[in-house]
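Let me begin by presenting the structure, written as structure tokens, before commenting on it.
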Amino acid sequence: MQNKLSFHQSSVSLEIIGLPDYSNNENKDQISIISQWKLTIIDKPLIEGKIEHLEPIMNAFYIYSNLLIKNKIPLFESKLIDIKADNLHEHNIVLKSSKPNVKPLILKIGNSLLSDTINCFDQLNESPKVRIKKTDIPNRIPQKLKFGLNKKVKFFNFFFPPFIAICSLILFSSSFIYFGNPIENIEKKELIKPE
Amino acid sequence: MSKYLYPYIREILKSKEFEENSVIWNDFNKRFIELIKERFNMDSMRVKKLLNQAENDEIIIKSLLTLSFCISNQGYQKLKNFLYDF
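Top line first, the protein sequences correspond to chains A and B. Take 0 as the starting number for the first sequence in numbering that gives the first Met the number 0 and just add one per residue. Take 0 as the starting number for the second sequence in numbering that gives the first Met the number 0 and just add one per residue.
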């Protein structure tokens with residue numbers, strides 16, 4: 000008997016069907032071997048597939064959502080799925096079937112359905128009952144930030160030693176204030192002598 | 000917190016998808032501008048851009064989408080990463 004788990008978010012639901020890995024002493028209600036998954040979006044055709052399709056589709060949605068927010072060109076293309084933005088409110092998804100002579104499925108979803116879908120995938124990623132290769136794209140520190148941190152570190156290393164050197168020089172030289180200037184003393188003596 | 004606000008965020012996003020002059024969207028936009036006027040430096044060019052109703056659609060949609068993508072348990076981390084890269 001196969002286990003079935005559903006994740007719902009408003010107009011989208013994701014169903015995962017599979018078996019526990021008994022060789023790994025897993026519970027009866029766990030799913031580690033996914034045999035089928037179904038993504039239901041209200042008013043849209045049903046999307047279903049095998050485990051090898053789920054990960055690329057999840058990755059595609061995560062990468063696309065990141066591109067969308069980071070002001071980059073919102074376009075994702077792969078062998079299995081293409082996602083591009085038609086405008087600010089509409090996203091065009093082309094799902095290409097792995098079977099020959101099957102026309103690609105074209106879906107148009109709005110921002111609300113896109114966020115529902117992402118949230119369903121988040122629920123799946125966070126579920127302790129399903130063991131899949133976790134998609135860690137949204138949790139990864141963005142490349143730009145990594146660059147920024149490196150730059151900050153380099154900037155710090157570049158300016159800190161000369162700054163310390165200048166400070167110590169000022170401190171050291173300020174101690175000379177307490178000593179008399181020999182040139183001034185000689186001049187004073189010269190001024191006094193003619194009298 | 001966006002987890003609890005998700006139904007509202009979703010409704011605002013959805014309202015703009017179908018109608019150009021949606022009541023929900025216009026109400027939200029009005030309130031957004033009021034809050035910006037209250038709390039931001041009005042002399043800044045960037046803030047002026049935010050207040051322009053003809054140009055601020057994109058920034059509002061992106062802000063709402065960012066919040067709506069971060070309602071999971073790891074949402075805080077996701078939001079942090081999105082904001083670092085904004």
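From the three backbone atoms N, C-alpha and C, an ideal C-beta is built for every residue, glycine too. It should be emphasised that the depicted structure is a prediction, and the values quoted were computed from it without experimental measurement.
Per-residue contacts from K13 of chain B into chain A (C-beta, under 7 Å): Here residue 13 of chain B is taken as the residue at index 14 of the second sequence, counted from 1. Per Cβ cutoff of 7 Å: G109 and S111.
Cβ of N51 of chain B within 8 Å of any chain A Cβ: For the purposes of this step, residue 51 of chain B is taken as the residue at position 52 of the second sequence. False, the Cβ-Cβ gap to chain A never drops below 8 Å.
Nearest candidate by alpha-carbon position, reference S1 of chain B, set A:K102, A:P44 and A:N118: Taking the first residue of the second sequence as 1, we reach residue 1 of chain B at position 2. Shortest Cα-Cα distance from S1 of chain B to any of A:K102, A:P44 and A:N118 involves A:N118.
Three-way DSSP call (helix, strand, coil) for V93 of chain A in this model: Position 94 of the first sequence, counted from the first residue, corresponds to residue 93 of chain A. Per DSSP, reduced to three states, the secondary structure at V93 of chain A is strand.
Inter-stretch contact at 8 Å, needing at least 3 Cβ pairs: the region 29-41 of chain A / the region 71-85 of chain A: In this structure the region 29-41 of chain A does not touch the region 71-85 of chain A; the number of beta carbon pairs closer than 8 Å is below three.
Within 8 Å, strictly: CB atoms of S5 of chain A and G17 of chain A: For the purposes of this step, residue 5 of chain A is identified with residue 6 of the first sequence, where counting begins at 1. For the purposes of this step, residue 17 of chain A is identified with residue 18 of the first sequence, where counting begins at 1. No. Outside cutoff.
Residue range of the beta strand (DSSP E) that includes F68 of chain B: Within the second sequence, residue 68 of chain B is the residue found at index 69, counting from 1. Per DSSP, F68 of chain B is not a residue of any beta strand (DSSP E), being assigned neither H nor E.
8 Å Cβ cutoff met for C69 of chain B and K77 of chain B: Start at 1 with the first residue of the second sequence, and residue 69 of chain B comes out as number 70. Start at 1 with the first residue of the second sequence, and residue 77 of chain B comes out as number 78. Yes. Within cutoff.
Residue environment, D115 of chain A, which counts as buried when at least 16 other CB atoms sit within 10 Å: Within the first sequence, residue 115 of chain A is the residue found at index 116, counting from 1. Answer is buried; the Cβ neighbour count reaches 16.
Beta strand (DSSP E) segment containing I72 of chain A, residue limits: Taking the first sequence and counting its residues from 1, the one referred to as residue 72 of chain A is at position 73. From DSSP, I72 of chain A is part of no beta strand (DSSP E); its letter is neither H nor E.
Closest residue to N25 of chain B among B:G74, B:I59, B:L64 and B:P6 (Cα-Cα distance): In the second sequence, the residue the question calls residue 25 of chain B occupies position 26. Answer by Cα proximity: B:I59.
Min CB distance F68 of chain B to chain A below 8 Å: Taking the second sequence and counting its residues from 1, the one referred to as residue 68 of chain B is at position 69. Closer than 8 Å to some Cβ of chain A, the Cβ of F68 of chain B qualifies, so yes.
Under the three-state DSSP convention, the category F6 of chain A falls into: The sequence position of residue 6 of chain A within the first sequence is 7, counting from 1. DSSP places F6 of chain A in strand when its eight states are reduced to three.
Of the residues A:S172, A:S111 and A:S174, the one placed nearest L63 of chain B, counting alpha carbons only: Residue 63 of chain B sits at position 64 when you count from the first residue of the second sequence. That would be A:S111, whose Cα lies nearest to the Cα of L63 of chain B.
Exposure label - S19 of chain A; buried when at least 16 CB within 10 Å: On the first sequence, position 20 is the one that residue 19 of chain A refers to. A small correction: the amino acid at residue 19 of chain A is Pro; Ser does not occupy that position in the sequence shown. Buried is the call here.
Partners in chain A for K61 of chain B, counting only beta-carbon separations shorter than 7 Å: Taking the second sequence and counting its residues from 1, one reaches residue 61 of chain B at position 62. Ordered by position in chain A, the residues that pass the 7 Å Cβ test against K61 of chain B are I68.
Beta carbon proximity, S71 of chain B to chain A, threshold 8 Å: One-based indexing of the second sequence puts residue 71 of chain B at position 72. Chain A contact via Cβ: present.
For K95 of chain A, the nearest candidate out of A:P127, A:P55 and A:Y61 (CA to CA): Within the first sequence, the letter at position 96 stands for residue 95 of chain A. Ranking the options by Cα distance to K95 of chain A, first place goes to A:P55.
Contact list for E125 of chain A against chain B, beta-carbon separation under 9 Å: Translated into the one-based positions of the first sequence, residue 125 of chain A becomes position 126. Those within 9 Å of E125 of chain A in chain B are S71, N72 and Q73.
Neighbourhood of F171 of chain A by C-beta, 6 Å cutoff - its chain only, sequence neighbours within 5 removed: In the first sequence, the residue the question calls residue 171 of chain A occupies position 172. The answer is none, since no qualifying residue turns up.
For D195 of chain A, three-class secondary structure by DSSP: In the structure as shown, chain A starts at 0 and stops at 194, and residue 195 of chain A therefore has no counterpart that could be examined.
Buried versus exposed, by CB contacts within 10 Å (16 or more), K143 of chain A: Numbered from its first residue, the first sequence carries residue 143 of chain A at position 144. Low local confidence applies: a pLDDT of 49 at K143 of chain A is under 50, so the model's placement there is unreliable, and no value is given.
In DSSP terms, what T39 of chain A is bridged to: One-based indexing of the first sequence puts residue 39 of chain A at position 40. Looking at the DSSP assignment, T39 of chain A forms a beta bridge with A:S12.
Beta-carbon proximity of L66 of chain A to F75 of chain A, cut-off 8 Å: Along the first sequence, one-based indexing puts residue 66 of chain A at 67. Along the first sequence, one-based indexing puts residue 75 of chain A at 76. The answer is yes: Cβ separation under 8 Å.
N- and C-terminal bounds of the beta strand (DSSP E) containing I108 of chain A: Here residue 108 of chain A is taken as the residue at index 109 of the first sequence, counted from 1. Per DSSP, I108 of chain A belongs to the beta strand (DSSP E) from L104 to G109.
Own chain, CB closer than 6 Å to E16 of chain B, minus 5 neighbours either side, in chain order: Working through the second sequence from its first residue, we reach residue 16 of chain B at position 17. Around E16 of chain B: no qualifying Cβ.
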